[in-house]
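Residue numbers (our numbering): 1004 to 1343.
#1: At the level of alpha carbons, what is the spacing between residue 1308 and residue 1342?
#2: Out of 1333, 1013 and 1012, state which residue places its alpha-carbon closest to the alpha-carbon of residue 1179.
#3: Give, in chain order, every unbroken run of the beta strand (DSSP E) that is at least 3 residues long and sits entirely within the region 1060-1091.
#4: Under the three-state reduction of DSSP, which class applies to residue 1215: helix, strand or coil?
#5: Using the beta-carbon count (16 or more within 10 Å), is residue 1203 buried or exposed?
#6: Need the endpoints of the alpha helix (DSSP H) that residue 1342 sits in, please.
#7: For the alpha helix (DSSP H) that contains residue 1122, what are its first and last residues?
#8: For residue 1114 and residue 1140, which I take to be in contact (beta-carbon distance under 8 Å), what is that distance rounded to the nearest angstrom?
#9: So is residue 1269 buried or exposed if we call it buried at 16+ other beta carbons inside 10 Å?
#10: If distances are taken between C-alpha atoms only, which option among 1092, 1242 and 1326 comes closest to residue 1229?
#11: Of all the CB atoms in chain D, is at least one closer than 7 Å to the CB of residue 1200?
#12: With a Cβ-Cβ cutoff of 7 Å, do residue 1135 and residue 1338 count as a contact?
#13: Residue range of the alpha helix (DSSP H) that residue 1128 falls in?
#14: Rounded to whole angstroms, what's the CA-CA distance from residue 1023 to residue 1011? Just pull it up for me.
#15: Within the continuous alpha helix (DSSP H) that includes residue 1311, where are the two ends?
#16: Between residue 1227 and residue 1143, is the Cβ-Cβ spacing less than 7 Å?
#17: Starting from the C-beta of residue 1209, find all residues in its chain whose C-beta is less than 7 Å away, skip the five residues before and the five after it, and write them out in chain order.
#18: Is the beta carbon of residue 1031 less than 7 Å from the beta carbon of residue 1021?
#19: Are at least three pairs of beta-carbons, each pair with one atom in the region 1312-1319 and one in the region 1113-1132, less than 8 Å apart?
#20: Tell me which residues share the same chain as residue 1149 and place their Cβ nearer than 7 Å to its Cβ, disregarding the 5 neighbours each side in the sequence.
#21: Since residue 1288 is in the alpha helix (DSSP H), which residue starts that stretch and which ends it?
#22: Measuring straight from C-alpha to C-alpha, what distance separates residue 1159 and residue 1104?
#23: Which class does residue 1108 belong to by DSSP, given the choice of helix, strand or coil?
#24: From 1076, 1250 and 1326, pick the residue whose C-alpha is nearest to that of residue 1161; which is it?
#25: How far does the alpha helix (DSSP H) with residue 1193 in it extend, from its first residue to its last?
#26: What are the start and end residues of each continuous alpha helix (DSSP H) run of 4 or more residues lying completely inside the region 1147-1185, in chain order?
#27: Is residue 1135 helix, strand or coil when you go by DSSP?
#28: Taking residue 1022 as part of the alpha helix (DSSP H), name the residues at either end of that continuous run.
#29: Beta-carbon separation of residue 1087 and residue 1273 under 7 Å?
#30: Smallest Cα separation from residue 1043: which of 1212, 1213 and 1207?
#31: Starting from residue 1277, follow the alpha helix (DSSP H) in both directions and report where the run begins and ends.
#32: Please report the distance separating the alpha-carbon of residue 1014 from that of residue 1131.
#33: In terms of alpha-carbon separation, which member of 1099, 1163 and 1059 lies closest to residue 1127?
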């Protein structure tokens, strides 16, 4: 019979083990090849975790699972809260009402469209449909992980959603700048920036695509993307209420009101950062800690994912992610052309 102290020590050791994977992920992401592709440590982390899950996992003690679970729950939520220090409410002013409206439409209509297509047309697992739609509509891997905290789904489903969302985000990162060089869209630099920020999945994808087209494009793209990230909070709260109202998991839970507290602290972090009280080097340190925490969560997520789970899920998550990718390109073009 293990004592509480033994459980705590075992958990600390296993959290440290996940941390080592996070360090490796960050170092690998710094390699020139991965930097050029805009591959963040989060993405490297999930794949390193999956390699561990499908090769070395059985050789390690069972108590290592404690640290993995701790990372996917508590360290993940810490990472989401600290993510708020990347944003300010001044971002809303920088692109005006039209930019905010575009971000709102992209986030909520893309999610609704994705859920309907996934569950009704593709007849896929509802949790997978929610995760793929959240990742496509808001901010890729971070949105999938935040949604998992509300949805409380199995880790492998999040890994599947992240994998396909990243694939199409990476394609878009190369495709949009390429098409823009031929003036396919007919947008000004400012409009192209908002378009990129509105439709690409990961923040890293937006940064890479924006930088490829110049400073004006990059600035507007990042601001628009950050506004989409801000909408993560109302999205999570609405999702939580919807899950409760519909009795998504358990009809007995229908009357309980559960608000994702970490989402509220995320807003508090944005508000505090908007005051400009912290020096730039302090904010950069917080962002580094945040990046490390999110990378740990992604590593842990991968550690819970076997390749068999991908086979069992079939191609439906891929099809949904592809449909949403095309949807984003089209609806983003319509919104930017109509509202700007």
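Where a beta carbon is used, it is the ideal one built from N, C-alpha and C, also for glycine. The structure displayed is predicted, hence computed values, not measured ones.
Checking against the coordinates, here is how it stands:
#1: Rounded to whole angstroms, residue 1308 to residue 1342 spans 42 Å at the Cα level.
#2: 1333
#3: Runs found: none.
#4: coil
#5: buried
#6: 1319-1342
#7: Unbroken run through residue 1122: none, as it is neither H nor E.
#8: Residue 1114 to residue 1140, Cβ: 4 Å. Contact.
#9: buried
#10: The shortest C-alpha to C-alpha distance from residue 1229 to any of 1092, 1242 and 1326 is the one to 1092.
#11: Of the protein chains in this structure there is only one, and it is not chain D.
#12: No, they are not a contact pair.
#13: Here residue 1128 belongs to no alpha helix (DSSP H), and DSSP marks it neither H nor E.
#14: 18 Å
#15: 1310-1316
#16: no
#17: 1199, 1200, 1203, 1224, 1225 and 1228
#18: Against a cut-off of 7 Å, the Cβ pair of residue 1021 and residue 1031 comes out as no contact.
#19: yes
#20: 1083, 1235 and 1239
#21: Where residue 1288 is concerned, the enclosing alpha helix (DSSP H) starts and stops at 1283-1306.
#22: 34 Å
#23: helix
#24: 1076
#25: 1192-1202
#26: 1158-1184
#27: helix
#28: 1007-1032
#29: Yes.
#30: 1207
#31: 1264-1277
#32: 29 Å
#33: Each of 1099, 1163 and 1059 was checked against the Cα of residue 1127, and the nearest Cα belongs to 1163.
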